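Okay, so here's the structure we're looking at.
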Amino acid sequence: MLSRPSIAPDPGSPDVAGDVSLPSIAAPSADRDTSTRPTFAADHRELGDRALAAAAGMGDRRAFEEIVRRLGPDMLRYATHLLSDRGAAEDIVQDALVDAWRGLRHFRSDSSLRTWLFSVVSHKVTDHRRRRSIAPVEDWMFERPSQDPRDDPSRTVSDADFLSALDDALAELPYRQRACWLLREVEGMKHTEIGTVMALSPGAVRGHLTRARATLETRLETWR
């Protein structure tokens, strides 16, 4: 759970009554008058991303909680594997969620909600990198091989060695190449979506991906 001190409301934005946290946000304080607020769907898990964004933009906290539950882990995974500091990644996602809560009223569905949220995270990561030097990524975003003793020990060792080699190769990629590769190969985004997140043209995205894949192919040639 991520938590931050209470945040002062931004004029004209949905009221922020308490902490914003991952994977959920605090409920409004009990003494706050909500009698004039609109009533929204009780089961927000049945709503699509755009409907959730529209409801949250109108101040529906439960809709925003569902957005965080649904997309927060993806945001955290992406930030964590662009940085070497888990705590910094959590802070970045926390700040991104605060900005998203305040800015959802401006969301117009030109892109998917997921792409929009990743864009917010990407800007936060860029700002963080400008303020300090970032060490290579320490952890890998995929699940490690199973430690079940019933598994083939030789296969487990081989998989672990491969992931370690892939870790090292990814850490040496330039930031934009690594970010584009993660968004494509891990998050499954299209070139246009990656361009939106990274503020790059589709052609530039393809170029970064081509160079990243060429480098990884060379570095991991022995694993073919």
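Using the working numbering, read the sequence shown as starting at 9 and increasing by one per residue. Backbone N, C-alpha and C define an ideal beta-carbon position, used for all residues, glycine too. Every value quoted in this text rests on a predicted model; they were computed, and no experiment measured them.
Outcome for residue i when other beta-carbon atoms lying within 10 angstroms are tallied against a minimum of 16
| i | result |
| --- | --- |
| residue 172 | exposed |
| residue 73 | buried |
| residue 80 | buried |
| residue 232 | exposed |
| residue 209 | exposed |
| residue 226 | exposed |
| residue 67 | buried |
| residue 139 | exposed |
CA nearest to the CA of residue i, picked from the options
| i | options | result |
| --- | --- | --- |
| residue 86 | 211, 118, 128 | 128 |
| residue 235 | 68, 89, 65 | In this structure the chain extends from 9 to 232, so residue 235 is not present and cannot be described. |
| residue 228 | 123, 114, 62, 169 | 169 |
| residue 207 | 224, 83, 126 | 126 |
| residue 106 | 197, 65, 193, 167 | 65 |
| residue 133 | 167, 94, 56, 115 | 94 |
| residue 216 | 192, 83, 55 | 192 |
| residue 196 | 76, 57, 82 | 82 |
Proximity of residue i and residue j at Cβ, strictly below 9 Å
| i | j | result |
| --- | --- | --- |
| residue 100 | residue 91 | yes |
| residue 188 | residue 220 | yes |
| residue 194 | residue 123 | no |
| residue 61 | residue 115 | yes |
Distance, residue j Cα to residue i Cα
| i | j | result |
| --- | --- | --- |
| residue 53 | residue 137 | 35 Å |
| residue 45 | residue 96 | Only weak support is given to the placement of residue 45: the predicted model assigns it a pLDDT of 45, under 50, and the question is left unresolved by the model. |
| residue 110 | residue 178 | 34 Å |
| residue 214 | residue 59 | 32 Å |
| residue 212 | residue 218 | 10 Å |
| residue 130 | residue 71 | 23 Å |
| residue 183 | residue 104 | 20 Å |
beta-carbon residue i near the ligand NAP non-hydrogen atom, thresh 8 Å
| i | result |
| --- | --- |
| residue 94 | Only the bare structure without any ligand can be found here, which leaves the ligand NAP out of the picture. |
Are three or more beta carbon pairs between the stretch 184–201 and the stretch 117–127 nearer than 8 Å? yes
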